[in-house]
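Those sequence lines, one after another, are chains F and P.
Going by our numbering, the first sequence opens with residue 4, and the numbers climb by one from there.
Going by our numbering, the second sequence opens with residue 4, and the numbers climb by one from there.
The block underneath contains the structure these notes are about, expressed in structure tokens.
Protein chains: 2
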Amino acid sequence: MDVSGRGEFAAIARLAARLPQPPSGDVWIGDDAAVLPPPGERLLVATDAVVAGVHGDLDFVSVADFGWKAMAVNVSDLAAMGGRPLAAVVAVAGPSGTDLDGLYEGLGQAADRWVCPIVGGDLAECAVLVVTVTVVGSGDGQPPPVTRAGASAGDALLVTGALGASAAGLRLLRAGQGDGPLVAAHRRPQARLAEGGAARAAGATAMIDVSDGFGADLGHVLDASRVGARVEKLPVAEGATMVEALGGGEDYELVFSAPDPERVGHAFAAAGLPAPIVVGVCTEDPAERTLGGQPLAALGWEHRWR
Amino acid sequence: MDVSGRGEFAAIARLAARLPQPPSGDVWIGDDAAVLPPPGERLLVATDAVVAGVHGDLDFVSVADFGWKAMAVNVSDLAAMGGRPLAAVVAVAGPSGTDLDGLYEGLGQAADRWVCPIVGGDLAECAVLVVTVTVVGSGDGQPPPVTRAGASAGDALLVTGALGASAAGLRLLRAGQGDGPLVAAHRRPQARLAEGGAARAAGATAMIDVSDGFGADLGHVLDASRVGARVEKLPVAEGATMVEALGGGEDYELVFSAPDPERVGHAFAAAGLPAPIVVGVCTEDPAERTLGGQPLAALGWEHRWR
Numbered sequence: 004m005d006v007s008g009r010g011e012f013a014a015i016a017r018l019a020a021r022l023p024q025p026p027s028g029d030v031w032i033g034d035d036a037a038v039l040p041p042p043g044e045r046l047l048v049a050t051d052a053v054v055a056g057v058h059g060d061l062d063f064v065s066v067a068d069f070g071w072k073a074m075a076v077n078v079s080d081l082a083a084m085g086g087r088p089l090a091a092v093v094a095v096a097g098p099s100g101t102d103l104d105g106l107y108e109g110l111g112q113a114a115d116r117w118v119c120p121i122v123g124g125d126l127a128e129c130a131v132l133v134v135t136v137t138v139v140g141s142g143d144g145q146p147p148p149v150t151r152a153g154a155s156a157g158d159a160l161l162v163t164g165a166l167g168a169s170a171a172g173l174r175l176l177r178a179g180q181g182d183g184p185l186v187a188a189h190r191r192p193q194a195r196l197a198e199g200g201a202a203r204a205a206g207a208t209a210m211i212d213v214s215d216g217f218g219a220d221l222g223h224v225l226d227a228s229r230v231g232a233r234v235e236k237l238p239v240a241e242g243a244t245m246v247e248a249l250g251g252g253e254d255y256e257l258v259f260s261a262p263d264p265e266r267v268g269h270a271f272a273a274a275g276l277p278a279p280i281v282v283g284v285c286t287e288d289p290a291e292r293t294l295g296g297q298p299l300a301a302l303g304w305e306h307r308w309r
Numbered sequence: 004m005d006v007s008g009r010g011e012f013a014a015i016a017r018l019a020a021r022l023p024q025p026p027s028g029d030v031w032i033g034d035d036a037a038v039l040p041p042p043g044e045r046l047l048v049a050t051d052a053v054v055a056g057v058h059g060d061l062d063f064v065s066v067a068d069f070g071w072k073a074m075a076v077n078v079s080d081l082a083a084m085g086g087r088p089l090a091a092v093v094a095v096a097g098p099s100g101t102d103l104d105g106l107y108e109g110l111g112q113a114a115d116r117w118v119c120p121i122v123g124g125d126l127a128e129c130a131v132l133v134v135t136v137t138v139v140g141s142g143d144g145q146p147p148p149v150t151r152a153g154a155s156a157g158d159a160l161l162v163t164g165a166l167g168a169s170a171a172g173l174r175l176l177r178a179g180q181g182d183g184p185l186v187a188a189h190r191r192p193q194a195r196l197a198e199g200g201a202a203r204a205a206g207a208t209a210m211i212d213v214s215d216g217f218g219a220d221l222g223h224v225l226d227a228s229r230v231g232a233r234v235e236k237l238p239v240a241e242g243a244t245m246v247e248a249l250g251g252g253e254d255y256e257l258v259f260s261a262p263d264p265e266r267v268g269h270a271f272a273a274a275g276l277p278a279p280i281v282v283g284v285c286t287e288d289p290a291e292r293t294l295g296g297q298p299l300a301a302l303g304w305e306h307r308w309r
């Protein structure tokens, strides 16, 4: 069902009705701004736009999958700080006849999954579907949120899971093989929220989520931290290729540095999370960037602003 | 200057360099999420997307004007709650060759104007330019932020200034008469931030900003508050028509209800603000919506989701 002919205001009212209601004292959808209880110490804010045809091919993923992804990538940004989401606002710009109910179904499922209620939004006409989610969150507690800039030489480099599944899933979808865990990884990426919190608690010094590709995203951490890296091996998702693992991106696994990987392992085990995988070590020389002894070529993929 | 051929990461780094630097302890542009000191009591969040060709015609306004507007409309949403901005994040989806420096010039000027630093963002490729700004703010203090839902029968209805200037300015631009205060009102709309704070402090019971048109926006207040309205007269900007004042929208003047307009007048005078104009009164019957005794036709303009 779409909202053809109903106007923006009717669509907003209808979408609001399918979302959870605010607790007493809060203001959610339907006013000029949402009103929420703030975190106590540190407010986190992340925004990401997903563009049809760039961040999701609607020939291969549903509009609900696209909505899920718009939420997941933003929750993932908070995960990569070791933070926790409080709420999201959603601005949708899209063509006439866009299946807003389907879009909000996926947005709402992801919002439920990570306890990040949608508290406001905007709808506008646009020839291309662009969904911009902004998540506000909490960075309360100690140690502080984990930036990209704190890695030191000697820190271990870890990832929270195997890479390449999303790119492999897209490859299978394009080949008409539209099922299985790789396809699911592409359609419904998972934000590693619990993992980010465990890594922060266990002394992670720098962290990022793999959105653009392991090579590119590790590069951001190394640039910000002014260190190098010797990566020994990468965990490749079953059925994915090394190129997909290294450059595919959109896996949303976390890459982080930590001085004490044993402590990290204990923290993940205590939280009931799969053990993160040590993939290498940070080194003194910022120019050193190797995988299995070979130069780690810039295989990372950008959503390129040409 | 645009960023052709430089890639998303380089563009982000370059845009970040022209923005103010964060105070110690904050994290702004360049990490997964921004880290900020939160308000003490109430967090406000507003998001609005502006779409080239829908919310601004780049044949008649510059890309810097478009950036200004993207920020102003969001600050205006906080003004309409009687709130105060803390920071903004900006997601830009746009075509190759978009003048990002021009866009960020306008965004930055508006951010400076209302002390709302840009602390994060996102850049993505898209065939249409869509700029989505999200502003986080503070709703601290008493009385609480002003929603759309608190107007009572007997409350006076006030507006902070004359209406129709933006629509008249666009008319002049289309006719090739590109100068003067009406054109300036269209190119650089002003968020009535101080006015919103003064109205809240002086007991405003419901408030909204005129973005879609006086008729439509007053309608939102009346719907949410379940009251009617007798509007006696509308202040029309010099050079604008009554139709432009009633339905043009994008003036970003505030419309609010208050039981004691004299108290409101004193509060505005004390703050050095132009006196708001009493335009009518809220009434018991939600079906009563008149202007000068005539039915207030639904002349408001939607950014229509057809």
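Here a beta-carbon is modelled for each residue, glycine too, at the ideal position from N, C-alpha and C.
Since the model is a prediction, treat every value here as computed from it, not as a measurement.
Under 7 Å from the C-beta of residue i: neighbouring residues of chain P
i, result
"residue 279 of chain F", "What residue 279 of chain F touches in chain P: nothing, since even the nearest Cβ is about 17 Å away."
"residue 131 of chain F", "129, 130 and 131"
"residue 212 of chain F", "35"
Reference residue i; option with closest CA among the options
i, options, result
"residue 186 of chain P", "P/269, P/95 and P/240", "P/240"
"residue 111 of chain F", "F/275, F/225, F/36 and F/91", "F/91"
"residue 238 of chain F", "F/217, F/30 and F/290", "F/217"
"residue 245 of chain F", "F/209, F/295 and F/97", "F/295"
"residue 115 of chain F", "F/170, F/89, F/275 and F/132", "F/89"
"residue 195 of chain P", "P/74, P/163, P/189 and P/206", "P/163"
"residue 82 of chain F", "F/264, F/69 and F/204", "F/204"
"residue 53 of chain F", "F/61, F/73, F/200 and F/274", "F/73"
"residue 29 of chain F", "F/63, F/121 and F/135", "F/121"
"residue 77 of chain P", "F/125, F/129 and F/291", "F/125"
"residue 86 of chain F", "F/56, F/149 and F/255", "F/149"
"residue 95 of chain P", "P/172, P/220, P/55 and P/140", "P/55"
"residue 200 of chain F", "F/59, F/276, F/158 and F/98", "F/276"
"residue 273 of chain F", "F/292, F/288, F/198 and F/113", "F/198"
"residue 278 of chain F", "F/22, F/161 and F/80", "F/161"
"residue 123 of chain F", "F/141, F/93 and F/109", "F/93"
"residue 134 of chain P", "P/70, P/172 and P/119", "P/70"
"residue 140 of chain F", "F/159, F/13 and F/117", "F/117"
"residue 190 of chain P", "P/136, P/143 and P/253", "P/253"
Interface residues of chain F facing residue i [CB-CB closer than 7 Å]
i, result
"residue 151 of chain P", "34"
"residue 30 of chain P", "150"
"residue 135 of chain P", "52, 94 and 135"
"residue 125 of chain P", "50, 51 and 52"
Beta-bridge partners of residue i, as assigned by DSSP
i, result
"residue 39 of chain F", "P/46"
"residue 122 of chain P", "DSSP lists no partner for residue 122 of chain P."
"residue 70 of chain P", "In the DSSP output, where bridge partners are listed per residue, residue 70 of chain P has none listed."
"residue 212 of chain F", "F/257"
"residue 51 of chain P", "P/136"
"residue 159 of chain F", "F/261 and F/284"
"residue 241 of chain F", "Its beta-bridge partners do not exist; DSSP assigns none."
"residue 127 of chain F", "F/96"
Chain F contact residues for residue i, given Cβ-Cβ distances below 9 Å
i, result
"residue 104 of chain P", "None at all; the shortest Cβ gap to chain F is about 13 Å."
"residue 166 of chain P", "Residues of chain F passing the Cβ test: none, with the nearest at roughly 18 Å."
"residue 90 of chain P", "46 and 48"
Opening and closing residue of the beta strand (DSSP E) in which residue i lies
i, result
"residue 88 of chain F", "87-97"
"residue 118 of chain F", "First-last for residue 118 of chain F: undefined, no H or E at that position."
"residue 141 of chain P", "133-141"
"residue 233 of chain P", "231-234"
"residue 292 of chain F", "292-294"
"residue 2 of chain F", "Because chain F spans 4 through 309 in this model, residue 2 of chain F falls outside it and cannot be assessed."
Range of the contiguous alpha helix (DSSP H) that encloses residue i
i, result
"residue 271 of chain F", "264-273"
"residue 217 of chain F", "217-228"
"residue 196 of chain P", "196-204"
"residue 187 of chain P", "184-190"
"residue 246 of chain F", "245-250"
"residue 173 of chain P", "168-177"
Interface residues of chain P facing residue i [CB-CB closer than 8 Å]
i, result
"residue 139 of chain F", "46, 48 and 139"
Contacts of residue i in chain P (Cβ-Cβ under 9 Å)
i, result
"residue 157 of chain F", "Residues of chain P passing the Cβ test: none, with the nearest at roughly 22 Å."
"residue 81 of chain F", "35 and 36"
Under 8 Å from the C-beta of residue i: neighbouring residues of chain F
i, result
"residue 41 of chain P", "41, 42, 43, 44, 45 and 46"
The segment 39-52 of chain P contacting the segment 34-43 of chain F, beta-carbon criterion three pairs below 8 Å:
yes
Are there three or more Cβ pairs, one per stretch, closer than 8 Å when the segment 101-118 of chain P is compared with the segment 223-232 of chain P?
no
Taking contact to mean at least 3 C-beta pairs separated by less than 8 Å, is the segment 227-237 of chain P in contact with the segment 276-292 of chain P?
yes
Between the segment 248-256 of chain P and the segment 150-170 of chain P, can you find at least three pairs of beta-carbon atoms closer than 8 Å?
Result yes; three or more Cβ-Cβ pairs closer than 8 Å.
Is the segment 206-216 of chain P touching the segment 255-268 of chain P, taking contact as three or more C-beta pairs under 8 Å?
yes
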